[in-house]
Structures are given as C-alpha cells and as structure tokens.
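Residue numbers (this note's numbering): 1 to 83.
Remarks on the structure that follows.
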C-alpha cells in the first residue's frame, strides 16, 4: 500500500467529519438556546434541573463539534500531503 492510495479515503474522512462537525455544532447551538431560555424562566425545581441538563448538553455537543472539526482538518491536510 502506497501513500498515494490513501488519498481518497483520507479525503472522504475529511468530508464526513466536516459534516459531522456542522451537525454537532448545530446541536450545540440548539442546546445553548434552550439553556438561555431556561435561564429566563421562573425558578422551580424542574427548571433548575433542566437548566443543568441543557448546560451539560450544550457543552457536550460543542466539544464533539470542535473535535470533529479538528479531525476534519487533520484528514484534509493528510489527504493533501498524500497527493
């Protein structure tokens, strides 16, 4: 197996991880908006619990999105080097 034969799979991985990053960051934005909306709601036990849940979700999806972005860039650079 040569380095040149890795070009196409690396390119496909870069595309896939790029789309996954977009989807994950969209989920993070949605969770962030829900979290902000819950901060404006009157405080009850249920709202307090949901605030913590949506805060964790926003952070979780943001980490996933940024990781996918980094992997996409890594695979893109690798595919360009393999050419």
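Beta carbons: idealized from backbone N, C-alpha and C, even for Gly.
Bear in mind that the values here come from a model prediction, so they are computed numbers and not experimental data.
Classified as buried, residue 61 has 16 or more neighbouring CB atoms from the shown chains inside 10 Å of its CB. The alpha-carbon of residue 53 is positioned some 36 angstroms away from that of residue 11.
Using a Cβ distance threshold of 9 angstroms, residue 72 and residue 29 do not count as a contacting pair. Only residues of its own chain outside the window of five on either side were considered, and among them 38 have a CB closer than 6 angstroms to the CB of residue 50, listed in chain order. According to the DSSP assignment, residue 57 belongs to the alpha helix (DSSP H) that extends over 45-81.
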